[in-house]
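Student:
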Amino acid sequence: MLLSHHEDPISAYRENIERKVRECYDLAQRARSQGRDVTDRVEIPLASDMADRVEELISIPGIAAEIRELGEKMSREEVAIEMARRVASRLSGQGTEAALDKAVRVGLAILTEGILVAPLEGIGGVYISKNDDGSTYAGIVYAGPIRGAGGTAQALSVLIGDVVRRELGIGRFLPTEDEIERYIEEVQAYNRVKHLQYMPTAEEIKLVIQNSPICIDGEGSEEEEVSGHRDMKRIRTNRIRGGMCLVLCEGLIQKAKKVLKYTNALRLEEWNFLSQLTGKKEDGSSEKKSEKFLKDLIAGRPVFTHPGRPGGFRLRYGRSRVSGLAAVSLNPATMYVMDKFIAIGSQLKLEMPGKAGAITPCDEIDGPMVRLSNGDHVRIDRLEDAKMLENEITEITDAGEILISYGDFLENNHVLETPSFTAEWWRIYASRFPELSKYVSSRPGSREAVEISVRYGVPLHPAWDYFWHDISVDELRELRDLAMASRVSGEDALMDARAEDTLVKLGVEFRKVEGGILVRDAFALFYSMGLRISGGSVEKFGEIEGKDAVECVNRASGIAIKPRAPTRVGARMGRPEKAGDRKMKPMVHVLFPVENYGDTRRSIKNAGKTGTIKVEVQARSCRSCGYQGPQPLCPECGSTTSPVRTTEMDVDLDLILRRAEERLSIDLEQIGELKGVKKLMSRNRVCEPIEKGILRAYHGISTNKDGTARFDMTDIPITHFRPEEIGVSRERLQELGYRGDGILELYPQDIIIPRQAAEYLLRVARFVDDLLVKYYGMEPYYMCESADDLIGHLVIGLAPHTSGGIVGRIIGFSDVSACYAHPLFHAAKRRNCDGDEDSVMLLMDGLLNFSREFLPSTTGGLMDAPLVLTVNLRPDEVDKEAMNLDTMWEYPEEFYLAAERHAMPSEIEGIMKPYKKFIAENGTYYGIGYTHDTRDISEGVKVSSYKTIESMEEKISMQLGLASKLRAVDVDDVAARVLESHFLPDIFGNFRRFFSQEFRCTKCNTKYRRVPLSGKCLRCGNPQLTLTIHRGSIVKYMDETIKMAEKYNLPWYLKMRIDNLVKTIEGTFGEEERKEVIGLEAYQGR
Amino acid sequence: MESLFEDRAGILKFFNSHGILVSPGALNLILQRSMGQMIPHLLTDEVQSSGYIDEKTVLRLIRGEEKVPHVEYEVSLPDIRVNSSVEDFRKMFVSRYEKLKKIIVTSSTMRGSVDIKTAKRSQGEVKVVGMVQSVEVTRNGHKKVTIEDLEDTIQVILMKDRGLAGELILNDEVIGVIGSVGRNSSTPVIFANEVVRPDIPMRVMDDTGKPPVYVASVSDIHVGSKTFRRDDFRSMVKWISSSREEAESLRYLIMSGDVVDGIGVYPGQENDLELLNPLEQYEALAELVSEIPEDITIFLMPGNHDSVRLAEPQPVFSHRIRELFPRNVVMLPNPYNLRLEGKNVLIYHGMSLNDMVELIPGVNFQTIGKAIEEILKRRHLVPSYGGKTPLIPSENDYHVIEEVPDIFITGHIHSHYLGNYRGVRYVNSSTWQSQTEYQKMMNFSPNPSILTLFDLNSSSTLVKRFSKD
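Chains Y and C, in that order, give the protein sequences.
Residue numbers for the first sequence follow the numbering used here, beginning at 4 and rising by one.
Residue numbers for the second sequence follow the numbering used here, beginning at 278 and rising by one.
1) Output, in sequence order along the chain, the residues in the segment 431-453 of chain C whose CB is closer than 8 Å to any CB in chain Y.
2) Quick check on DSSP: helix, strand or coil for residue 654/C?
3) Report the partner residues of residue 1029/Y according to the DSSP bridge assignment.
4) In chain order, what residues of the same chain lie with their CB nearer than 8 Å to the CB of residue 1105/Y, ignoring the 5 residues before and after it?
5) Could you list the residues in the segment 415-430 of chain C with a C-beta less than 8 Å from some C-beta on chain Y, going in chain order?
6) What first and last residue would you give for the beta strand (DSSP E) that runs through residue 619/Y?
7) Taking a contact to mean a Cβ-Cβ separation below 7 Å, would you say residue 852/Y touches residue 710/Y in this structure?
8) Going along the segment 587-598 of chain C in order, which residues come within less than 8 Å of chain Y, judged by CB to CB distance?
9) In angstroms with no decimal places, state the Cα-to-Cα distance between residue 408/C and residue 689/C.
10) Between the segment 497-513 of chain C and the segment 535-542 of chain C, can you find at least three pairs of beta-carbon atoms closer than 8 Å?
11) Quick check on residue 633/C: does DSSP put it in helix, strand or coil?
12) For a minimum of 4 consecutive residues, which ranges assigned as the alpha helix (DSSP H) are wholly contained in the segment 464-541 of chain Y?
13) Beta carbon of residue 1052/Y: closer than 6 Å to some heavy atom of the ligand SAM?
14) By DSSP, does residue 712/C sit in helix, in strand, or in coil?
15) With a threshold of 6 Å on Cβ separation, who are the neighbours of residue 685/C within its own chain once the five nearest residues in sequence on each side are excluded?
16) Helix, strand or coil: how does DSSP classify residue 576/Y here?
17) Assuming residue 632/C and residue 372/C form a contact by the criterion Cβ under 8 Å, report the distance between their Cβ atoms to the nearest whole angstrom.
18) For residue 548/Y, does the count of other Cβ atoms within 10 angstroms reach 16, so buried, or fall short, so exposed?
19) Who are the neighbours of residue 662/C on chain Y, taking C-beta pairs under 8 Å?
20) Using the Cα positions of residue 229/Y and residue 422/C, report the straight-line distance between them to the nearest angstrom.
21) Name, going along the chain, the residues of the segment 548-567 of chain C whose beta-carbon falls closer than 7 Å to a beta-carbon of chain Y.
22) Kindly list the residues whose CB is nearer than 6 Å to the CB of residue 796/Y, restricted to its own chain and excluding five residues on each side of it in sequence; keep chain order.
23) Taking 7 Å as the threshold (beta carbon to beta carbon), is residue 367/C in contact with chain Y?
24) Where do the ends of the alpha helix (DSSP H) carrying residue 18/Y lie?
25) Below 7 Å on C-beta distance, what does residue 668/C contact in chain Y?
26) Taking residue 650/C and residue 694/C to be in contact with their CB atoms under 8 Å, please state how far apart those CB atoms are, rounded to whole angstroms.
27) Pick out whichever of 937/Y, 1066/Y and 815/Y has its Cα sitting closest to the Cα of residue 1044/Y.
28) List the DSSP bridge partners of residue 361/Y.
29) If you draw a straight line from the alpha carbon of residue 554/C to that of residue 1056/Y, how long is it in whole angstroms?
30) Just the chain C side, please: which residues come within less than 7 Å of residue 1071/Y by C-beta, in chain order?
31) Mind checking the segment 748-766 of chain Y against chain C and listing, in chain order, the residues whose C-beta falls within less than 8 Å of any C-beta there?
32) Excluding sequence positions up to five away, which residues of its chain have a Cβ less than 7 Å from the Cβ of residue 997/Y?
33) Does the CB of residue 363/C have a neighbour CB from chain Y at under 7 Å?
34) For the segment 1041-1059 of chain Y, enumerate the residues whose C-beta is nearer than 7 Å to any C-beta of chain C, in chain order.
35) Quick one: what does DSSP say residue 456/C is sitting in, helix, strand or coil?
36) Beta-carbon within less than 6 Å of residue 134/Y's beta-carbon, same chain only, minus the 5 sequence neighbours each way: which residues are those?
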């Protein structure tokens, strides 16, 4: 037994978590069964697997076992279709519509692992209606949240609908010409307001609508309406149906090939038309594609590398222990020199392999190269050095390396780009010679490196390999001439200052000294050019010949010199990192309505001064004295109450507050603000016990729409950690099930939270304990003295657009503003690490305080609510993306060769052992590797300067300032993009809105579509009405725009547009005449 | 002195005496225009310093002198600027209310109307005039309209069983209401018997028997766009210049906005442009227009694509654009009520037509006539606030149709629609641009390259098509 635990630490770990969840669950159940809550049971059902989750989500008792059973012999998709069929026939007694409805939802829930909210909220409903010829057909009404399901599941839901409709004997949809036209117009209109991943042609839309046996319908989700095909008999809204557009375009059409596989297997021949769809095809030149990440550049968020530019991020392949699953690593010094815009957890939009990635540190890769104010050109590999040199950096000539894993290329099906020549690749060559084994951990010196290459025929070590591919043959010749004329001492060379530019391009470090430029350890550099330093002089031994500089140095030196950094990865700032508690706007302590009694701050204390307030709530009746009020406990006699009906009633708030004060023995004067909500948004207007709000206010926390307290964080991955860096002792870790010394592999449900999160969760823990003791009259649970006591406690991890949480365990802390957790944990929440954020809450908080009754009844209300909780993570039920994670300790030579010939990553999947292969071969997900270590997972910039800089003006000036410092960035292009994608639309948009704006009463905030003729508020008589869009918001960016137009070299057409816009605004608002806007008078018709 | 300038020799002598050479073209022009005592004005500093005068200089100087070439078309320009306050918005709506109220109460049925405050205290039948604040349909299918005047508001119920619930009521239109005050609820409401609109009085145009004088209308030329139909436009110009009887009777040509494609009107427009420089676009238009005989007066109005401010009323083109065009071109603001041969020709580019399509059930771009008639019925070019038509708030609402037009011309939507509403001949003028990508997306096929001619002396209307395809 002991042995098996030792071999499989995972099962012990799982048991531990299960036990602890059970403990909490039982405790919470005891608390809630007292009847002091809106319902007397814990409302987060536990699920052990997908089948359980589906059963809970769709509420059809007993189907979990069936799903499990089918799952043993069928694929996930087949299970979905078969279960849908079974549910339909089972429920057909309740009416065809109801049966169809449940069947489609069950199918979709299975496809989405029972985590997503899509099966509940992505489908507004189904209906059965009639064609012109009197035959019946079925329609599925899709809603916005269907987006989360992803294209394939969306498409399959239509297919499931079709299978079920046959089962139920419903006919097929026969669209009219007009209706087809409507679809075409609508999809095009949707693409304008929301942008589709794939915009199908009119023919493609027509083909699908004409042939789909199910009517793909949708709720009118957008504000915009169609302008052509309006008021149609069978299409009930003129608004654009977003859900329909998604299912049609990103589902059926884009995923046609995949869907076709299933229709073939099911022999649904009506669907063969899908073979005429080619699905998504990227056309347009590769040039354009690589620039895609620059699109919609945002003001204040800098560009770090233009696509493919020398001086930009150099592609290095590998996975650090904190990267993969879309996260990529940079040297901490790189983060720092980028004016601290890049912090750990910041999102970078990338040229490849995917669209974006979160940033984590890796100090084993190269940092940036910079010019200093004294003229020196140096590389900075350490954060300390970057801090020291901060104020001396005049130019960033090279952005350093970016570490991207093979798995990310595989996931994105992106062709492998030529790799940088790195130490780990060099070691593969060196490993053939036992004599070279010492260089596994050290690097050779300049002369030594050359000697190794000469003797063993291995390529020149990357430490002495330069960016020869970035210079021309002429530049090489010139440099060699200067090298020959240089004065050498030892192996250092003093070169003429004219060598400066080329040396910068090559990435050679030098010092500016009197009389020229001093290059240390120039032996390899000179040797590469066919020059030998020997005895204080320079001898020529090779000729410069060849079509490019790389070929030339290979020939001249006679040794192998590989392209050092042939691939540069374009990047710009995406979102900054996030770590903060979730506050509704405005902040809410308790879900208790105060209408306007509590003034605009929704103060419950102030409302209480009114005594009795009239609000819409669910009335509850006291079981012993019959008193009616909104609270679970009767304020008259303290007994429990039961719900009666939802009504507008007089609530004696003063009484409720006084009783609560007594019960909690807290004087309301002791606490600061106590905020309620204006109105309750839930269907039954169910009110929280006010005591919970008082305790929240007391402990300085607030609540979300569902009664829980959340902490939001950017997701970043970690697979291995050092106890020291997470602030936890080895002993404590041992208690948590960690064995071994040195670096430890993380268990998949363990998380490392930021200190800031710990501080917040500590307050939540104290709130929970107070709640247990003072409200439920029970023992406290957490008893945390300090944040350290949170170690080992459980949380619920939950992502937006999902409604299934996963249990996580806190094992340590970091100093970053993001949540380090296992890639499998993030994938279990349906997240990757490309810069998204999600939340954690303390398990007890969720169990005690969550209720479905609080959730808004509007579409989307169920999103981001813990409707079900997965106790144990199962790798076969997480997002498939995690199965592409790297697991190797080092990449084999085959990888580099494949990358050199630009192979597709899938070609070498067998060699590269991504997670799915690893699990298949080893039968466990434990025991994976990583290729690059880093000293400390918290080393790097902690808070992006995007967040610390207050004003937009300063952000922009920093953005442009950084752009002009970076060799790989074209500052004029950045300025043009900022103007085009941010300023001009902003100015123009506000200009348009000004003329159709609403008006507002300054006193009672009533809004008017149009200003009343009397000029007075019709509600309160206040004569002070105000604009909602002022002239100021239009001209806000105008001066900045004009300044930038003058300063930067913008495309001429853009200059004209700016001129045009400025003049239309001045022509409207009567600005004093500007003589010359930006020197375009001669061209413009003014 | 005057006689001096009547012949070639005299003119040459005059210039020679000032040491200035005269080109033959300039000389001809001076003679042609029989400039008389104007000639000394040609001795500008510029001419004196260059010692030379050519045809172009003469032309420019003449135009400079004659800012308003045809006095009879002197265009009065609304000079308004936004002070961007709530009060400016309010004043605009008050202006609209007062102007339209004046029209409504002239109707005999509205005699004896009272203000809302008084109506609320009245018994029996009342007549009020109000601006619509909101329109709702009640659960029982009645229409509940809230109207306001300068002091008060009241609800008006349009009962289903009185056939009024089907009445199309737009936000912000001004209506007269005849009905009885009901006091069943806490606040008085009016149960309407009749809704009275400012509307157009029925008229029949008398045939004068005079020979026809045509005013022709085109719109949305979009010069500079890759899809501008240059050949069609050319053949139209050729036809106008021809000696066909109808062409000979053509005296006025109206271009009602979007005369060029402009720049930066929508994202990515640069891909659709042949000429990226707006000034070049106007130059190209001027070149085309200059082939139209000088005795035809051309009226040029801006639209939303043009190089003037976007918000309406739009001013006339700037001097720099104006000077590109020959002297028979007159610049108009948008909108404008033009008086031609004693007739009112109301011209409006038509931005609000897009809004109207969304507001009026059953109207689309092909059946735009219905929207135009709803505009006439309400006597306002932009009946509803809050759409996509930017109006400059000012004390005077320039969009009220104060005078009943004889001809009403709009453009903007690239359709072609000819109609007659209560004696008002109206047209949505045709475009000279082929279907754009945007229109393709909107599934709209324009009806391009049509010239519409109205006879000012009779009710006859002609349509000439110049489309090659």
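We treat Cβ as the ideally placed atom computed from N, Cα and C, and that holds for glycine.
Small disclaimer: the values here were computed from a predicted structure and weren't measured.
Tutor: With the structure as the only source:
1) The residues in question are 448 and 449.
2) Taking the first residue of the second sequence as position 1, residue 654/C is located at position 377. Note: residue 654/C maps to helix in three-state DSSP.
3) Sequence index remark: in the first sequence, residue 1029/Y carries index 1026 (1-based). Residue pairing of residue 1029/Y in beta bridges, as defined by DSSP: 1003/Y.
4) Here chain Y covers residues 4 to 1089 and nothing more, so residue 1105/Y does not appear.
5) The residues in question are 425, 426, 427, 428, 429 and 430.
6) On the first sequence, position 616 is the one that residue 619/Y refers to. In the DSSP annotation of this structure, the continuous segment of the beta strand (DSSP E) that includes residue 619/Y starts and ends at 615-625.
7) Taking the first sequence and counting its residues from 1, the one referred to as residue 852/Y is at position 849. Taking the first sequence and counting its residues from 1, the one referred to as residue 710/Y is at position 707. Closer than 7 Å, so yes.
8) So the list reads 587, 588, 592, 594, 595, 597 and 598, given in the order they occur along the chain.
9) Mapped onto the second sequence, residue 408/C falls at position 131. Mapped onto the second sequence, residue 689/C falls at position 412. Answer to the nearest angstrom: the Cα atoms are 27 Å apart.
10) Put simply, the segment 535-542 of chain C touches the segment 497-513 of chain C. At least three CB pairs are less than 8 Å apart.
11) Within the second sequence, the letter at position 356 stands for residue 633/C. Here residue 633/C sits in helix by DSSP.
12) Segments of the alpha helix (DSSP H) lying fully in the segment 464-541 of chain Y: 476-487, 503-509 and 526-531.
13) Of ligands this structure carries none, so the ligand SAM is not represented either.
14) Within the second sequence, the letter at position 435 stands for residue 712/C. When secondary structure is reduced to three states using DSSP, residue 712/C falls in the coil class, being assigned neither helix nor strand.
15) Taking the first residue of the second sequence as 1, we reach residue 685/C at position 408. Within the same chain, and ignoring the five residues on either side of residue 685/C in sequence, the residues whose Cβ sits closer than 6 Å to its Cβ are 623, 701 and 703.
16) On the first sequence, residue 576/Y is found 573 positions in, with the first residue counted as 1. Three-state DSSP puts residue 576/Y in a strand.
17) For the purposes of this step, residue 632/C is taken as residue 355 along the second sequence, with counting starting at 1. For the purposes of this step, residue 372/C is taken as residue 95 along the second sequence, with counting starting at 1. Between residue 372/C and residue 632/C the Cβ distance is about 20 Å, and since that is not below 8 Å, they are no contact.
18) As a working note, residue 548/Y is residue 545 in the first sequence. The residue is exposed, with fewer than 16 neighbouring Cβ atoms inside 10 Å.
19) In the second sequence, the residue the question calls residue 662/C occupies position 385. At a C-beta separation below 8 Å, residue 662/C has these neighbours in chain Y: 999, 1012 and 1013.
20) Here residue 229/Y corresponds to residue number 226 of the first sequence, with the count starting at 1. Here residue 422/C corresponds to residue number 145 of the second sequence, with the count starting at 1. Residue 229/Y and residue 422/C have their C-alpha atoms roughly 26 Å apart.
21) Within the segment 548-567 of chain C, the residues whose Cβ lies closer than 7 Å to some Cβ of chain Y are 553, 554, 555, 556 and 559, listed in chain order.
22) If you number the first sequence from 1, residue 796/Y lands on position 793. Answer for residue 796/Y: 813, listed in chain order.
23) For this step, residue 367/C is matched to residue 90 along the second sequence. Cβ-Cβ to chain Y under 7 Å: yes for residue 367/C.
24) Position 15 of the first sequence, counted from the start, is the residue given in the question as residue 18/Y. 12-35 is the span of the alpha helix (DSSP H), which, as asked, contains residue 18/Y.
25) For the purposes of this step, residue 668/C is identified with residue 391 of the second sequence, where counting begins at 1. Chain-ordered, the chain Y residues with CB closer than 7 Å to the CB of residue 668/C read 998.
26) For the purposes of this step, residue 650/C is taken as residue 373 along the second sequence, with counting starting at 1. For the purposes of this step, residue 694/C is taken as residue 417 along the second sequence, with counting starting at 1. Contact flag wrong, Cβ pair sits at about 10 Å.
27) Position 1041 of the first sequence holds residue 1044/Y. The residue with the shortest Cα to Cα distance from residue 1044/Y is 1066/Y.
28) As a position in the first sequence, residue 361/Y is number 358, starting the count at 1. Its beta-bridge partners are 350/Y.
29) As a working note, residue 554/C is residue 277 in the second sequence. As a working note, residue 1056/Y is residue 1053 in the first sequence. So the alpha carbons of these two residues sit roughly 8 Å apart.
30) Taking the first residue of the first sequence as 1, we reach residue 1071/Y at position 1068. Result: 359, 586, 588 and 669.
31) Cβ contacts with chain C come from no residue of the segment 748-766 of chain Y.
32) As a first step, residue 997/Y must be located in the first sequence, where it is residue number 994. Around residue 997/Y: 1032 and 1037.
33) Looking up residue 363/C in the second sequence gives position 86. Yes, residue 363/C lies at the interface with chain Y (some Cβ there is under 7 Å from its Cβ).
34) Sequence-ordered contacts of the segment 1041-1059 of chain Y with chain C read 1056 and 1059 [C-beta pairs closer than 7 Å].
35) Here residue 456/C refers to the residue found at position 179 of the second sequence. Strand, per DSSP.
36) Looking up residue 134/Y in the first sequence gives position 131. Leaving aside the five residues that flank residue 134/Y on each side, the residues in its chain whose CB is nearer than 6 Å to its CB run, in chain order, 140 and 177.
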